[in-house]
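Reading through the structure tokens given below for one structure.
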Amino acid sequence: MPDPAQHRGVNDADRLAEIEQRLRQQVAACTLMLNDLEILGYSGHVSARLPGGDTFLIQSFDQSRAELRPEMLLVCDLDGKMLSGPPGQRPPAEVFLHCELLRARPDVNSAAHFHHDRTTVFTLVQDVKLVAIKNHAVRWASGIPVHEDPSHLNTPERGRALAGTLGPHHAALIRAHGQVVVAEDIPGLLIDCVHFVENAEAMYDASLLGAVRPLTESEIALFLQDLKRDKHVPKLWNYYVGRARARGVLPQDWVL
Ligand SMILES: [Zn+2]
Numbered sequence: 005m006p007d008p009a010q011h012r013g014v015n016d017a018d019r020l021a022e023i024e025q026r027l028r029q030q031v032a033a034c035t036l037m038l039n040d041l042e043i044l045g046y047s048g049h050v051s052a053r054l055p056g057g058d059t060f061l062i063q064s065f066d067q068s069r070a071e072l073r074p075e076m077l078l079v080c081d082l083d084g085k086m087l088s089g090p091p092g093q094r095p096p097a098e099v100f101l102h103c104e105l106l107r108a109r110p111d112v113n114s115a116a117h118f119h120h121d122r123t124t125v126f127t128l129v130q131d132v133k134l135v136a137i138k139n140h141a142v143r144w145a146s147g148i149p150v151h152e153d154p155s156h157l158n159t160p161e162r163g164r165a166l167a168g169t170l171g172p173h174h175a176a177l178i179r180a181h182g183q184v185v186v187a188e189d190i191p192g193l194l195i196d197c198v199h200f201v202e203n204a205e206a207m208y209d210a211s212l213l214g215a216v217r218p219l220t221e222s223e224i225a226l227f228l229q230d231l232k233r234d235k236h237v238p239k240l241w242n243y244y245v246g247r248a249r250a251r252g253v254l255p256q257d258w259v260l
């Protein structure tokens, strides 16, 4: 007769393997879609926390963001050490920003770092601050902090400093460098990256026409009241997955 405890252990192991496989497909898909949308380029990355809380999936330093596959991802710990991954691969130099954001924010399970030029512009001029001007940018109503140190986030100290700048917010700009966006899961992260860049581009375009009118506090409060993130995120995730499949960016058989 099978030992029930052992049997439960096997089921748990199977369930964890299934969760990891799903997350691997989501991280690879999110990276490919952000690359196809020209939000993330040759050196950005997406991470996802694994069950247990202190390890995460991330792509390697060298692998192309345009050709990522689930099996190429690395498992790293919160000190930036690679625990498993394809032979010869190593974590990205800026793995520490993911380590320290995930360590500092238990509510965050996914993070993206990218270097989107039109968005970075808002850190390059005096007295111009990126604010929420489009309705879906209410996600950043609490503020979009700017990390003043433009350095590569390639040490734990620099990662911790960035986590300190981000604080309780959902995105931050890194001066003359790029952006970080954090979310509760990979679909939420993709949609936030899309809306974050959309808002920055809209503000840039609007500023060419005249004085920018940010959303007022009462407009933000009303939109937040109406917004159903649990409906909005799956709707847009399905749209972007479908778009990417139709464009041949994503394989048809990934479970997303
Ligand atoms: Zn960077």
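Take the working numbering: the last position of the sequence shown gets the number 260, and nothing is skipped along the way. Think of the CB as a built atom: it goes at the ideal place given N, C-alpha and C, for glycine as much as any other residue.
Taken from the Cβ of residue 202, every heavy atom of ligand 1 lies 6 Å or farther away. For residue 153, the closest of 172, 110, 181 and 259 by C-alpha to C-alpha distance is 181. When secondary structure is reduced to three states using DSSP, residue 181 falls in the coil class, being assigned neither helix nor strand. Of the candidates 206, 21, 164 and 64, 21 places its Cα closest to the Cα of residue 54. When the Cα atoms are used, residue 87 and residue 172 turn out to be separated by approximately 29 Å. Inclusion of residue 115 and residue 31 in the CB contact set at 7 Å is not warranted, their separation being larger than that value.
Within the region 65 to 148, the complete beta strand (DSSP E) segments at least 3 residues long are 78 to 81, 86 to 88 and 114 to 118, listed from N- to C-terminus. Just measuring C-alpha positions, the residue of 111, 240 and 121 sitting nearest residue 58 is 111. Contact check for residue 78 and residue 107: beta-carbon distance about 17 Å, past the 8 Å limit, so the pair fails to qualify. In terms of Cα proximity to residue 244, the closest of 193, 90, 92 and 139 is 193.
Between the alpha carbons of residue 161 and residue 168 lies a distance of about 11 Å. When DSSP states are grouped into helix, strand and coil, residue 61 belongs to the strand group.
Approximately 6 Å separates the beta-carbon atoms of residue 95 and residue 84; this is inside 8 Å, confirming the contact.
Restricting attention to 208, 178, 76 and 65, the CA atom closest to the CA of residue 99 is found in 65. Secondary structure note for residue 53: its beta strand (DSSP E) is the uninterrupted segment 49 to 53. Judged by DSSP in its simplified three-state form, residue 187 adopts strand.
Short of 6 Å from the beta carbon of residue 34, and not among the five residues preceding or following it, lie these beta carbons of its own chain, in chain order: 50, 190 and 194. At a threshold of 6 Å, residue 84 does not count as near ligand 1, since its beta carbon sits no closer than that to any of the ligand's heavy atoms.
In terms of CA proximity to residue 151, 124 leads the group 17, 237, 124 and 138.
Separation of residue 206 and residue 258 (C-alpha to C-alpha, rounded to the nearest whole angstrom) is 33 Å.
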